[in-house]
Amino acid sequence: MVNTEGQLYTIEGFAAALIMLMTAYLVVNATSIYTPGDTHISDMQLEVLGSDALAMINTAPNGTSESPLQTIVETNDGDMFGQIFNNIVNNRTKPGQDHIQFMANVSYVKSDNTVSSTTLLDKTRSLSGGEHAVRVSEWVIVEKKFPDSDSLRKRAVLVEVLLWRD
Amino acid sequence: MAGLNDDAQWIVLMGFLVSFSLFFLAMVLNQSVVVGQTTAEAVSEFPKDDIRGVRGVIIQSAYMDNPDRTGVQNDIRTLSLIRQNSVVSFSNTTNGAYTYIEIHYNNGVTVYNETWRSP
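Laid out in structure tokens, this is it:
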């Protein structure tokens, strides 16, 4: 006949084994995150800030004339772009400027249907590779002739801004 | 159960209860670490501004006259594909006083379809 002693101890043994197995499973299965959890949150904020700034520059003051961004692209006025964009993204409520750095490109379609980019504004500070840069873009319709593109006509171009916090 | 000492069973049971509840609390804590990251990633990866931008420029192009319109619409398709990794297709039809534009956007993760009607 089987000995019925020590049943509670057996149950306890099983329970302990189960707990240890589940703990080991959780530890081995856990996702390792090497970046601080809030890096992506600041990326997201930067992206929203940049998109909003570009949308603001691409709004015509009185609704009928050209938007500042259209004029900037047509005249290739990178300084003006830098000034306006800097004003929008780097001004703070409290005194002093924020430290967001940026660079801007204009992408357009060439006459052979491939895409090329011209620099609108060179980077305001050199990139070292450790920055978390985000890219935002804004469509504009401009009347301009680009290098390697066919004659002067209206074309849709993409203003792309790479921005990062220094 | 002969000879088994069955004293203090409630204490043993409570011990189990407490240890299991601690275990589940630890699981909740484990999950909460990644909440901020996954939320921000979901927001960053959803191409809201891309869709809004391409939609705006498509509607703008529909009001242009040919041959400008053909060129601009070709630019939109090409630039979306190459610079924004998204396939954009659209067509406009006129029905009475209204212009309808069918907009299809697909970047492999997010699909957006819209039929826009002119005001």
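Protein sequence lines, in the order shown, are assigned to chains A and B.
So in the working numbering, spot 90 of the first sequence is number 90, and the numbers just go up one at a time.
For the working numbering, count along the second sequence from 1 and bump the result up by 1000.
From the three backbone atoms N, C-alpha and C, an ideal C-beta is built for every residue, glycine too.
All values derive from a computational prediction rather than experimental measurement.
Name the chain B residues whose beta carbon is nearer than 8 Å to that of residue i?
i              : result
residue 47(A)  : 1044, 1049
residue 6(A)   : 1004
residue 154(A) : 1064, 1068, 1071, 1072
residue 109(A) : 1074, 1075, 1078, 1079
residue 43(A)  : 1040, 1044
residue 51(A)  : 1049
residue 72(A)  : Correct list: empty, because the minimum Cβ distance to chain B is about 17 Å.
Give the residues of chain A in contact with residue i, contact being defined as C-beta atoms less than 9 Å apart.
i               : result
residue 1084(B) : 137, 158
residue 1030(B) : 26, 30
Check the Cβ of residue i against every Cβ in chain A and list those closer than 7 Å, keeping chain order.
i               : result
residue 1014(B) : Neighbours of residue 1014(B) on chain A: none; closest Cβ ~14 Å, over 7 Å.
So, is residue i buried or exposed, given that buried needs 16 or more other C-beta atoms within 10 angstroms?
i               : result
residue 104(A)  : buried
residue 1053(B) : buried
residue 1105(B) : buried
residue 1050(B) : buried
residue 1109(B) : exposed
residue 1032(B) : exposed
residue 17(A)   : exposed
residue 100(A)  : buried
Run down chain B in chain order and give the residues with a C-beta less than 7 Å from the C-beta of residue i.
i              : result
residue 15(A)  : 1016
residue 115(A) : 1078, 1079, 1082, 1083
residue 40(A)  : 1037, 1040, 1041, 1044
residue 100(A) : Within chain B, no residue comes near residue 100(A); the closest Cβ sits about 17 Å away, beyond 7 Å.
Write down the C-beta distance between residue i and residue j rounded to the nearest angstrom, noting that I regard them as a contact closer than 8 Å.
i               : j               : result
residue 140(A)  : residue 73(A)   : 6 Å
residue 106(A)  : residue 1075(B) : That belief does not hold up - the Cβ atoms of residue 106(A) and residue 1075(B) are roughly 12 Å apart, past 8 Å.
residue 167(A)  : residue 57(A)   : The first residue shown for chain A is 1 and the last is 166, placing residue 167(A) beyond what the model contains.
residue 50(A)   : residue 121(A)  : So it is not a contact: roughly 13 Å between Cβ atoms.
residue 1115(B) : residue 1098(B) : Wrong, their Cβ atoms sit about 11 Å apart, outside the cutoff.
residue 136(A)  : residue 54(A)   : 6 Å
Could you name the residues of chain A that residue i contacts, counting a contact when the two beta carbons are closer than 8 Å?
i               : result
residue 1054(B) : 139
For residue i, verify whether its CB is less than 7 Å away from any heavy atom of the ligand GDP.
i               : result
residue 1101(B) : No copy of the ligand GDP occurs in the structure displayed, which carries no ligand at all.
Under 9 Å between beta-carbons, which chain B residues line up against residue i? List them in chain order, please.
i             : result
residue 19(A) : 1019, 1020, 1023
Using a beta-carbon distance cut-off of less than 8 Å, what residues from the stretch 1058-1072 of chain B approach chain C? In the structure shown, chain C does not exist; the protein chains are A and B.
For the stretch 148-161 of chain A against the stretch 1078-1087 of chain B, do three or more pairs of beta-carbon atoms, one drawn from each stretch, fall closer than 8 Å, so that the two count as touching? yes
Touching or not, the stretch 40-47 of chain A and the stretch 1035-1051 of chain B, by the rule of three or more beta carbon pairs under 8 Å? yes
Would you call the stretch 131-151 of chain A and the stretch 1006-1014 of chain B touching, i.e. three or more CB-CB distances under 8 Å? no
Is it a yes or a no for the stretch 127-134 of chain A touching the stretch 1019-1037 of chain B, going by three-plus beta-carbon pairs under 8 Å? no
Listed from N- to C-terminal order along the chain, which residues in the stretch 1085-1119 of chain B have their beta-carbon within a distance smaller than 9 Å of any beta-carbon of chain A? none
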